[in-house]
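Structure record follows, encoded as structure tokens.
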Ligand SMILES: Cc1cc2nc3c(=O)[nH]c(=O)nc-3n(C[C@H](O)[C@H](O)[C@H](O)COP(=O)(O)OP(=O)(O)OC[C@H]3O[C@@H](n4cnc5c(N)ncnc54)[C@H](O)[C@@H]3O)c2cc1C
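Protein chains in written order, with the numbering used here: chain A, 96 to 417; chain B, 797 to 1010.
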């Protein structure tokens, strides 16, 4: 049995109310926590805002094998904990609160939270992403009633049941492997005619007999009154529909950036991912973006970490150059 | 072997020393005849924890002691209630393992101090509630988001002791979880009437409570 202990940063526990900082980081995932390590070590007076738990999106995955330094792999929970432990050492204050708005025009800039406003001279947005939903009938009503977006949280409820996983990218396949410890059978539904996950993961699902890949299929409807009972799928091109009897559905079809709170104050693409240049500067002076939340070809821990370091370095240069 | 690493103990010793102002009792109901790892571990962990500060005490009672359970307003066993002279009903059905452990520690500190880390307007709205509210927060220990929902419920109880708030390990109490149709966590049930999923911000959580009153 494991007992996870989250620590308060040293600064946070010793200091009282404070509302201006040289730098503010929004989001304590791998990108934000790395930025906190670099800013803290540069003795820049910084704060990091996190609405949920430090560690970011990885804490909801069971196993990570492609982040260097852990040759045997590591659980997302443990890795998130280690990131946080390391970052809390260097004195950046953590505020466990959701950022609800910003004013990037004001100088210093303003960060609005559920607990009041803060000001900062430079800001790193590292708010990551959340799961994209499918947008098909029945989905909204049945989320939490058989449809889940977090396998590690909810897997035990599907012990011995038949389930589907939607999406055959890395996340979908990785989480299917985890879910196979609980479910009786898993059908992975993928719209494309091929899975996009890494080969090593695909080889593993072959070894586990109970996982079947349904390629060129899409989910058209979730069915159930109080509880999910069926998923309607359609074969691409043939327009053939059929209904699968299932108790659970886990959705891994892509990501939506957590940028609603920015309310269009910096340039983004049409999905809401932040535009940056190579130095991670956004369209507003003094505002940088790091990790999954920005337009980038790869969204992984390794890339988020690199972004966090670079963004912090650029913030330091920016503050020194003013 | 202990459950807490030496460095964690050191951290907790400091936190307790800095924050605790009054005695806090961990009232633990367990099945004394059950030697399962689950129950033994939870008791051992609590024993380790109370050793870290003189203000902390542990009382262990047996599940068969129905009258005691009832007197404490508890429905099920195993459970751990955090008590002090501060008002509030902060309870855990099942073991506060995994991510819940951090919330458990914060709850101990709140019970032993005057902390109430909630927005002022939420505290004001909560203080006006004059009827009994029961909040059940179903969790799994691997759920990273659940602790936030449990904490919010417990803080609400500190803000107004008409509110009783319990964490419930959905795996350990699977019948009750099934009865409430739980299949995603955190799953919160207010007065067995209003239910919702997710670690909502305090204000939205509050509005669900208001919904249960209306
Ligand atoms: C199921 C799954 C499996 C994965 N497996 C792997 C893997 O094996 N290897 C790998 O390298 N990567 C993996 N990833 C991807 C990896 O998790 C991300 O690339 C990484 O977490 C991105 O880090 P980030 O810091 O950019 O953002 P996130 O990790 O998303 O962190 C952003 C943080 O910001 C917080 N936040 C958001 N909005 C606000 C707000 N308004 N106010 C305050 N805080 C806010 C969030 O709560 C979150 O903690 C996986 C992801 C998932 C979902």
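Yeah, the Cβ is synthetic: ideal placement off N, Cα and C, and Gly gets one too.
Please tell me whether residue i has its Cβ less than 8 Å away from any Cβ of chain B.
i             : result
residue 183/A : no
residue 424/A : Missing from the structure shown is residue 424/A; chain A here goes from 96 to 417 and no further.
residue 402/A : no
residue 209/A : yes
residue 97/A  : yes
residue 252/A : yes
residue 239/A : yes
residue 337/A : no
residue 279/A : no
residue 188/A : no
residue 236/A : no
residue 172/A : yes
residue 272/A : no
residue 371/A : no
residue 416/A : no
residue 101/A : yes
residue 147/A : yes
residue 193/A : yes
residue 322/A : yes
residue 226/A : no
residue 243/A : yes
Is the beta carbon of residue i within less than 7 Å of some heavy atom of ligand 1?
i              : result
residue 1006/B : no
residue 224/A  : yes
residue 146/A  : yes
residue 265/A  : yes
residue 160/A  : yes
residue 193/A  : yes
residue 829/B  : no
residue 127/A  : yes
residue 387/A  : yes
residue 856/B  : no
residue 807/B  : no
If we define contact as Cβ-Cβ less than 8 Å, is residue i a contact residue for chain A?
i              : result
residue 969/B  : no
residue 846/B  : no
residue 1004/B : no
residue 1008/B : no
residue 984/B  : no
residue 841/B  : yes
residue 993/B  : yes
residue 936/B  : yes
residue 944/B  : yes
residue 940/B  : yes
residue 928/B  : no
For residue i, which residues from the same chain have a beta carbon less than 8 Å from its beta carbon, with the 5 sequence-adjacent residues on both sides left out?
i             : result
residue 218/A : 118, 119, 120, 121, 197, 199, 204, 206, 381, 382 and 383
residue 813/B : 849
Leaving out five residues before and five after residue i in sequence, what residues of the same chain have Cβ atoms less than 7 Å from its Cβ?
i             : result
residue 299/A : 272
residue 108/A : Its pLDDT being 46, under 50, residue 108/A is placed unreliably in this model, and the coordinates cannot settle the point.
residue 354/A : 222, 363, 367, 369 and 388
residue 210/A : 192
residue 992/B : 984 and 1004
residue 844/B : 798, 799 and 800
Excluding the 5 residues flanking residue i on each side, which residues of the same chain have their C-beta closer than 6 Å to its C-beta?
i             : result
residue 126/A : 221, 385, 386, 399, 402 and 403
residue 857/B : 825 and 864
residue 243/A : 249 and 345
Segment contact, 8 Å Cβ cut-off, at least three pairs: the region 376-389 of chain A with the region 401-414 of chain A:
yes
At least 3 beta-carbon pairs within less than 8 Å: the region 239-250 of chain A vs the region 279-286 of chain A
no
Answer yes if the region 884-896 of chain B comes into contact with the region 867-875 of chain B, meaning at least three C-beta pairs across the two stretches below 8 Å, and no otherwise.
yes
Below 8 Å, can you find three or more Cβ-Cβ pairs linking the region 991-1010 of chain B to the region 942-955 of chain B?
yes
Three or more C-beta pairs below 8 Å linking the region 345-353 of chain A and the region 220-239 of chain A:
yes
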